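Protein chains in written order, with this note's numbering: chain X, 1 to 357; chain L, 358 to 564.
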């Protein structure tokens with residue numbers, strides 16, 4: 001399809017100009033093109049994809065481990081509400097690897113997650129305490145990861161080990177002048193032992209930390225495996241969508257107008273033109289007792305493709321293995337529950353012909 | 358926790374699409390999988406947009422914002438308008454540009470950064486081996502795209518990159534580079550054509 005459109009075309013140029021302006025404005029959907037005809041939609045998409053590829057021209061940057069952990073932790077903690085910026089950076093500091101928690105912590109006041117979550121008027125005390133707690137270990141003992149639960153205890157252990165080592169060093173100074181060689185060696189051994197003790201405590205803390213990370217990794221791995229199995233099933237169902245030669249009908253409200261002008265849909269059709277999958281977005285949940293019904297138009301006559309429900313905020317999906325031969329167009333109407341033999345209400349979505357991809 | 362890098366998983370958009378559906382179903386594993394697939398790519402984008410080393414932490418923050426947006430607004434994704442990959446890249450770019458524009462102009466250059474944050478960016482990042490691994494398909498796509506980009510004449514590549522990473526319009530690019538508008542337009546178009554010609558397979562794969 002990439003050969004069907006002329007890049008010198010004025011439409012191409014306007015798309016290019018639009019793209020330069022895409023983004024940067026808060027509160028606007030990043031990829032919400034103004035309504036256009038099907039051809040410039042395909043063209044626009046081509047541009048988006050080729051520009052999207054520019055990102056692959058960059059060397060990838062591995063994110064900090066804490067970024068992922070914080071992200072997931074906040075999803076677990078809060079399903080629907082937006083996340084306070086302070087909470088994120090506090091958690092980030094807690095998760096940040098031990099050698100440099102510093103640069104993350106000051107993010108809190110400097111870098112709010114502004115567009116996502118308008119900063120709450122008053123930050124609950126618990127959260128700011130979290131941020132402070134994340135700051136503390138730097139002054140206490142830079143080597144120890146920020147304390148959480150059991151780690152807090154071990155961090156105290158290390159601090160103790162260090163002070164033990166320090167006091168032994170102090171003691172070792174003044175007797176040194178009088179001590180025999182043997183005495184010196186004994187004190188030296190004592191210092192060494194104390195240092196080893198603190199080393200052991202430090203390693204213990206690290207091992208505990210790694211142990212809990214390992215548990216987390218195992219848990220996530222289990223979840224991942226479950227998700228992978230599910231995805232494999234999903235993927236099987238969706239596989240034909242990617243096949244070369246697949247056909248896509250872009251469903252839009254009829255030009256004459258519709259009670260649901262925001263609804264959009266796509267019907268993907270396998271190359272053998274039998275398996276199909278419908279995905280509809282922004283249809284209002286159907287009033288009871290009614291259903292949305294899909295129609296295949298064959299020789300100007302509608303044949304039912306099945307009924308489906310719409311839920312707010314989710315695409316409605318419908319799929320089957322048999323599209324009637326000779327289908328030229330598709331349409332969606334609202335019908336009584338369970339569907340009817342032929343449509344009885346105005347068309348909400350329709351596509352007269354497929355986009356050739 | 359990404360895809361096993363040793364197995365060359367064929368990259369398919371339906372796979373990504375299924376993950377977006379997973380996110381719509383509030384499945385955190387689906388978001389985690391998307392993250393593992395695309396975080397290094399998206400972090401590179403937000404670093405490039407923010408450019409100043411002082412923004413290394415800011416770039417991570419943009420990465421989080423990007424995935425929070427995916428989590429909270431996945432219903433905005435329109436499989437008819439773009440691939441999941443391009444959608445994610447555009448959100449990350451958008452968020453990074455928004456952040457850049459919130460910064461006072463004086464701090465936007467590379468000059469303004471403290472030694473401490475510079476250290477963070479030099480040190481790069483700590484990664485447990487095997488934790489965030491891009492799929493081989495993403496890596497291979499990167500190699501092919503880089504080869505094509507490197508072959509572009511420098512000024513053409515610059516025009517594309519300024520439009521994409523700095524959010525400049527063609528006339529703004531003309532101003533910045535002190536080049537006539539028509540020349541900039543021709544360069545951008547020419548670069549687009551080359552990308553389209555040489556990366557046809559990649560684009561098709563995504564679309």
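Note that the Cβ used here is the ideal one computed from N, Cα and C, for glycine as well. These figures come from a predicted structure and were not determined experimentally.
Mapping DSSP to helix, strand and coil, what is residue i?
i: residue 70 (chain X); result: helix
i: residue 534 (chain L); result: helix
i: residue 499 (chain L); result: helix
i: residue 366 (chain X); result: One cannot answer for residue 366 (chain X) here, as it falls past the ends of chain X, which runs 1 to 357.
i: residue 172 (chain X); result: Reliability fails at residue 172 (chain X), whose pLDDT of 49 lies under 50, so the model's placement of it is uncertain and no value is given.
i: residue 344 (chain X); result: coil
i: residue 455 (chain L); result: helix
i: residue 389 (chain L); result: helix
i: residue 373 (chain L); result: helix
i: residue 51 (chain X); result: helix
i: residue 211 (chain X); result: helix
i: residue 521 (chain L); result: helix
i: residue 379 (chain L); result: helix
i: residue 434 (chain L); result: coil
i: residue 62 (chain X); result: coil
i: residue 57 (chain X); result: helix
i: residue 309 (chain X); result: coil
i: residue 554 (chain L); result: helix
i: residue 397 (chain L); result: helix
i: residue 515 (chain L); result: helix
i: residue 447 (chain L); result: helix
i: residue 539 (chain L); result: helix
i: residue 407 (chain L); result: helix
i: residue 225 (chain X); result: helix
i: residue 260 (chain X); result: coil
i: residue 509 (chain L); result: coil
i: residue 272 (chain X); result: coil
i: residue 494 (chain L); result: helix
Using DSSP's beta-bridge definition, name the partner residues of residue i.
i: residue 295 (chain X); result: X:304, X:331
i: residue 265 (chain X); result: X:251, X:280
i: residue 290 (chain X); result: X:336
i: residue 413 (chain L); result: BP columns for residue 413 (chain L) are empty, so no partner.
i: residue 546 (chain L); result: The partner list for residue 546 (chain L) (beta bridge, DSSP) is empty, contrary to what the question assumes.
i: residue 355 (chain X); result: X:248
i: residue 349 (chain X); result: X:332
So residue i and residue j are supposed to be a Cβ contact under 8 Å. How far apart are they, rounded?
i: residue 516 (chain L); j: residue 544 (chain L); result: 4 Å
i: residue 527 (chain L); j: residue 456 (chain L); result: Not really, about 23 Å apart at Cβ, beyond 8 Å.
i: residue 302 (chain X); j: residue 342 (chain X); result: 6 Å
i: residue 538 (chain L); j: residue 531 (chain L); result: 4 Å
i: residue 506 (chain L); j: residue 57 (chain X); result: 4 Å
i: residue 317 (chain X); j: residue 294 (chain X); result: Actually they do not touch by this definition, with Cβ atoms about 11 Å apart.
i: residue 443 (chain L); j: residue 48 (chain X); result: 5 Å
i: residue 380 (chain L); j: residue 428 (chain L); result: 6 Å
i: residue 328 (chain X); j: residue 347 (chain X); result: The pair is not a contact, with the Cβ atoms about 15 Å apart (cut-off 8 Å).
i: residue 253 (chain X); j: residue 349 (chain X); result: 6 Å
i: residue 314 (chain X); j: residue 432 (chain L); result: 7 Å
i: residue 421 (chain L); j: residue 70 (chain X); result: 7 Å
i: residue 251 (chain X); j: residue 330 (chain X); result: 7 Å
i: residue 499 (chain L); j: residue 556 (chain L); result: With 8 Å as the limit, residue 499 (chain L) and residue 556 (chain L) do not qualify as a contact, their Cβ atoms being about 12 Å apart.
i: residue 334 (chain X); j: residue 286 (chain X); result: 6 Å
So is the beta-carbon of residue i under 7 Å away from any non-hydrogen atom of the ligand FAD?
i: residue 457 (chain L); result: The ligand FAD is not part of the structure shown, which contains no ligands of any sort.
- Message: Can you pull out the residues from the stretch 49-66 of chain X whose beta carbon lies closer than 9 Å to at least one beta carbon of chain L?
- Response: 49, 50, 51, 52, 53, 54, 55, 56, 57, 58, 59, 60, 61, 62, 63, 64, 65, 66
- Query: For the stretch 396-413 of chain L, which residues have a CB atom closer than 7 Å to at least one CB atom of chain X, in sequence order?
  - Reply: 396, 397, 398, 400, 401, 402, 404, 405
- Any residues in the stretch 511-532 of chain L with a beta carbon nearer than 7 Å to a beta carbon of chain X? Which ones, in chain order? 517, 518, 520, 521, 524, 525, 526, 527
- Could you run through the stretch 316-342 of chain X and flag, in chain order, every residue whose CB is less than 9 Å away from some CB of chain L? Here the close residues are 317.
- Task: Compile a chain-ordered list of the residues in the stretch 216-228 of chain X whose CB is closer than 9 Å to at least one CB of chain L.
- Result: In summary, the residues of the stretch 216-228 of chain X whose CB is separated from some CB of chain L by less than 9 Å are 217, 220, 221, 223, 224, 226, 227, 228, in the order they occur in the chain.
- Can you list, in chain order, the residues of the stretch 267-280 of chain X whose Cβ is nearer than 7 Å to any Cβ on chain L? 279
- the stretch 438-449 of chain L: positions lying closer than 7 Å to chain X by Cβ: 438, 439, 440, 442, 443, 444, 446, 447, 448
- Compile a chain-ordered list of the residues in the stretch 495-510 of chain L whose CB is closer than 7 Å to at least one CB of chain X. 498, 499, 502, 503, 506
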